[in-house]
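J.: Numbering of the sequence shown is given in our numbering, commencing with residue 2 and proceeding in unit increments.
Just so it is clear, CB atoms sit at the ideal spot from N, CA and C, and this is done for glycine as well.
Mind looking over this structure? Questions follow.
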Amino acid sequence: TATPHTFPTDFLWGGATAANQIEGAYNEGGKGLSIQDVMPHGITTPRADGPTDDNLKQVAIDFYHRYAEDIALFAEMGFKTFRFSIAWSRIFPLGDETEPNEEGLAFYDRVIDECEKHGIAPLVTISHYETPLHLADTYDGWVNRDLIGFYERYARVLFARYGARVKYWLTFNEINSVLHAPLLSGGINTPKDQLTKTDLYQAVHNELVASALATKAARELAPTAQVGCMILAMPAYPLSPDPDDVFAALTTERTNLAFGDIHVRGEYPGYYLRSLRDQGVELVITDEERALLKEYTVDFVSFSYYVSVAETADVSQRVVGEGNIFPGVRNPTLKASEWGWQIDPVGLRTVLNQFWDRWQKPLFIVENGLGAKDELITVNGRKTVIDDYRIAYLNDHLVQVGEALADGVDVMGFTPWGCIDLVSASTAQMSKRYGFIYVDRNDDGTGTLDRFKKKSFGWYAEVIESNGASL
Ligand code: BG6
2 TATPHTFPTD FLWGGATAAN QIEGAYNEGG KGLSIQDVMP HGITTPRADG
52 PTDDNLKQVA IDFYHRYAED IALFAEMGFK TFRFSIAWSR IFPLGDETEP
102 NEEGLAFYDR VIDECEKHGI APLVTISHYE TPLHLADTYD GWVNRDLIGF
152 YERYARVLFA RYGARVKYWL TFNEINSVLH APLLSGGINT PKDQLTKTDL
202 YQAVHNELVA SALATKAARE LAPTAQVGCM ILAMPAYPLS PDPDDVFAAL
252 TTERTNLAFG DIHVRGEYPG YYLRSLRDQG VELVITDEER ALLKEYTVDF
302 VSFSYYVSVA ETADVSQRVV GEGNIFPGVR NPTLKASEWG WQIDPVGLRT
352 VLNQFWDRWQ KPLFIVENGL GAKDELITVN GRKTVIDDYR IAYLNDHLVQ
402 VGEALADGVD VMGFTPWGCI DLVSASTAQM SKRYGFIYVD RNDDGTGTLD
452 RFKKKSFGWY AEVIESNGAS L
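Here it is as structure tokens:
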């Protein structure tokens, strides 16, 4: 019988990253610019006109040149899988070309070679917050239906090239985040406050169709591949037992759940159509697109999980500017990270149970972790970080994964975010660290880029070695 800490023998332990946050080499190897090159401060300031020297992502942690060393460190921790994204603008520098850039493709061949050398299964995100800049500037990103064709061409190139070697694929990182961060997530150049609801929801639709087309391409070109969606998971709890608060929480949650419903069931749920009608949104949806969505549903559901929120129908209780970038209101029962993200391990068990009950698809936790400031110190002549806070966060969350497994939920794996320190997405900082591996780089760009193992490195190695028994 299952005990809370019994993990399946084929559980995919690993770690997660994204190209723009680790690779650097932003203009090497024939790479074109991406939206990240005009987002030097993440989503905290309006975009820049072009690349600026204060953008840490230009060098990031130099994974482009140090990938072999980094993957060897992941192997030392016992990783079974490594989640990385392919930078779209390395493969199609502008995004609308017909022929891919061979130098970009060759780079990911080398990354996959290195994974294979260590028996690590690659888990590839096709689009992770790094739309080619040209597509944002010329087409307004995913608002424009032309993006569907450009993305399909790109996905076909990837499946043809890597499909026999890469089993696990994710079509769009946190696809639901386009509602909150249109430039970051959807390459949409029109500022959020000037974007019409119709354009925003058309962008959502275009991405969903593109995701179905990628799944179709995988079926044709890479029959052994499994394609998953990727959703930012965020349970919303009613702030009080007032039925109006309960329904407000459901409404907030549905803004996220709708994406999984469409990816898994292949059609728009009634509550979503009603919300579009209520907002006066009329979408262009062809019969062919409806058929695509219905036929090419996902093999598994992956998600990120960092926070839960509370929700209320009483707008006067909404407090703005408390540091929490997510919708919803602050939960008075929870503590928060230094960046205001509320910490809720039980929420992960709730999400796992809810998603499993709802979709009956294998679930993959492809992001979780604590962004925190670390202090590099010397112990017995070695530089390290004593990151007990990070160990506690991950341990508490993994215990809840164990509980969900005991509840009968099918969980494929766990890839904590930023397994090696990287540049954060929302604030573009180095100092918001998630890693088991410390990277010597500071917010002002100084540092040697040397790597050091934190205390959590040994902790995670033991978790993997014992298949969760050490939790
Ligand atoms: C997720 C993204 O939203 O959260 C990652 O998929 C991001 O790209 C991660 O880095 C953590 O957010 P942040 O802002 O702390 O980097």
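Use the C-beta contact count for residue 19: other C-beta atoms within 10 angstroms, 16 or more gives buried, fewer gives exposed.
T.: The residue you call residue 19 lines up with position 18 of the sequence shown. Buried, by the Cβ-count rule.
J.: Would you call the CB atoms of residue 40 and residue 185 closer than 8 Å?
T.: The sequence position of residue 40 within the sequence shown is 39, counting from 1. The sequence position of residue 185 within the sequence shown is 184, counting from 1. Yes.
J.: Just to confirm the assignment, what range does the beta strand (DSSP E) spanning residue 299 have?
T.: Counted from its first residue, the sequence shown places residue 299 at position 298. First-last for residue 299: undefined, no H or E at that position.
J.: Let me make sure I understand the geometry here. Which of 233, 203, 468 and 195 has the alpha-carbon closest to that of residue 147?
T.: Mapped onto the sequence shown, residue 147 falls at position 146. For residue 147, the nearest C-alpha among the options comes from 203.
J.: Can you name the residues that DSSP bridges to residue 368?
T.: Here residue 368 corresponds to residue number 367 of the sequence shown, with the count starting at 1. Per DSSP, 305.
J.: Nearest to residue 89 by CA position, among 425, 75 and 104, is which residue?
T.: Taking the first residue of the sequence shown as position 1, residue 89 is located at position 88. Residue 89 has its Cα closest to that of 104, out of 425, 75 and 104.
J.: Is the separation between the beta-carbon of residue 125 and that of residue 170 shorter than 8 Å?
T.: On the sequence shown, residue 125 is found 124 positions in, with the first residue counted as 1. On the sequence shown, residue 170 is found 169 positions in, with the first residue counted as 1. Yes. Within cutoff.
J.: Please report the Cβ distance between residue 284 and residue 396, rounded to the nearest whole angstrom; I am assuming they are in contact, meaning their Cβ atoms lie under 8 Å.
T.: Looking up residue 284 in the sequence shown gives position 283. Looking up residue 396 in the sequence shown gives position 395. Not quite, the Cβ-Cβ distance comes to about 44 Å (not below 8 Å), so this is no contact.
J.: Please classify residue 381: is it buried, with 16 or more other beta-carbons within 10 angstroms of its beta-carbon, or exposed?
T.: The residue labelled residue 381 in the question sits at position 380 within the sequence shown. Flag for residue 381 reads exposed.
J.: What did DSSP end up calling residue 10 once you bin it into helix, strand or coil?
T.: As a position in the sequence shown, residue 10 is number 9, starting the count at 1. Reduced to three states, the DSSP call for residue 10 is coil.
J.: With respect to 7 Å, is the separation between the Cβ of residue 170 and the closest non-hydrogen atom of the ligand BG6 below this value?
T.: Here residue 170 corresponds to residue number 169 of the sequence shown, with the count starting at 1. No, the beta carbon of residue 170 sits no closer than 7 Å to any heavy atom of the ligand BG6.
J.: Taking CB distances under 8 Å as the criterion, tell me whether residue 41 reaches chain C.
T.: In the structure shown, chain C cannot be found, because there is only a single protein chain.
J.: What's the gap between the Cα of residue 470 and the Cα of residue 10?
T.: Indexing the sequence shown from 1 puts residue 470 at position 469. Indexing the sequence shown from 1 puts residue 10 at position 9. The alpha-carbon atoms of residue 470 and residue 10 are separated by roughly 12 Å.
J.: Quick one: grab the DSSP three-state call for residue 471.
T.: On the sequence shown, residue 471 is found 470 positions in, with the first residue counted as 1. DSSP places residue 471 in coil when its eight states are reduced to three.
J.: Does DSSP classify residue 239 as helix, strand or coil?
T.: Residue numbering aside, residue 239 sits at position 238 when the sequence shown is read from its first letter. Residue state, collapsed to three classes: strand.
J.: Answer yes if the region 211-220 comes into contact with the region 143-157, meaning at least three C-beta pairs across the two stretches below 8 Å, and no otherwise.
T.: yes
J.: Tell me the start and end of each unbroken beta strand (DSSP E) in the region 168-249 that is at least 3 residues and wholly inside, in chain order.
T.: Listed in chain order, they are 169-173, 227-234 and 237-239.
J.: Can you have a look at residue 305 and say buried or exposed, based on whether 16 or more other CB atoms are within 10 angstroms of its CB?
T.: Residue mapping note: residue 305 aligns to position 304 of the sequence shown, counting from 1. Buried: at least 16 other Cβ atoms inside 10 Å.
J.: Specify the secondary structure class of residue 361 as computed by DSSP and reduced to three states.
T.: Here residue 361 corresponds to residue number 360 of the sequence shown, with the count starting at 1. Correct three-state label for residue 361: coil.
J.: Does DSSP classify residue 454 as helix, strand or coil?
T.: Reading the sequence shown from its first residue, position 453 is the one you call residue 454. Here residue 454 sits in strand by DSSP.
J.: Are the beta-carbon atoms belonging to residue 207 and residue 149 less than 8 Å from one another?
T.: Translated into positions along the sequence shown, residue 207 becomes position 206. Translated into positions along the sequence shown, residue 149 becomes position 148. In contact: residue 207 and residue 149 (Cβ atoms closer than 8 Å).
J.: Using the Cβ count rule (16 or more neighbours within 10 Å means buried), how would you classify residue 133?
T.: Here residue 133 corresponds to residue number 132 of the sequence shown, with the count starting at 1. Residue 133 should be labelled buried.
J.: Starting from the C-beta of residue 457, find all residues in its chain whose C-beta is less than 6 Å away, skip the five residues before and the five after it, and write them out in chain order.
T.: Position 456 of the sequence shown holds residue 457. Scanning its chain for C-beta atoms nearer than 6 Å, with the 5 sequence neighbours on each side dropped, one finds around residue 457 the residues 388, 391, 392 and 437, in chain order.
J.: Looking at the structure shown, is residue 373 part of a helix, part of a strand, or coil, going by DSSP?
T.: Start at 1 with the first residue of the sequence shown, and residue 373 comes out as number 372. Correct three-state label for residue 373: strand.
J.: Relative to the C-alpha of residue 63, which residue among 237, 449 and 464 is closest?
T.: To locate residue 63, count along the sequence shown from 1; it is residue 62. It is 449.
J.: Quick one: give me the first and last residue of the alpha helix (DSSP H) that residue 74 is part of.
T.: As a working note, residue 74 is residue 73 in the sequence shown. Counting along the chain, the alpha helix (DSSP H) containing residue 74 begins and ends at 64-78.
J.: May I ask you to list the residues that DSSP assigns as paired with residue 414?
T.: Taking the sequence shown and counting its residues from 1, the one referred to as residue 414 is at position 413. 13 and 365.
J.: Given residue 38, which residues of its chain have a CB within under 8 Å of its CB, disregarding the five upstream and five downstream residues?
T.: The sequence position of residue 38 within the sequence shown is 37, counting from 1. Cβ neighbours of residue 38 beyond the five flanking positions: 27, 51, 52, 56, 58, 59 and 134.
J.: When DSSP labels each residue in this structure, what does residue 282 get in the three-state scheme?
T.: Start at 1 with the first residue of the sequence shown, and residue 282 comes out as number 281. Three-state DSSP puts residue 282 in coil, outside helix and strand.
J.: Could you check what DSSP says for residue 504 in three-state terms: helix, strand or coil?
T.: Outside the modelled stretch of the chain, which goes from 2 to 472, sits residue 504, for which no answer is possible.
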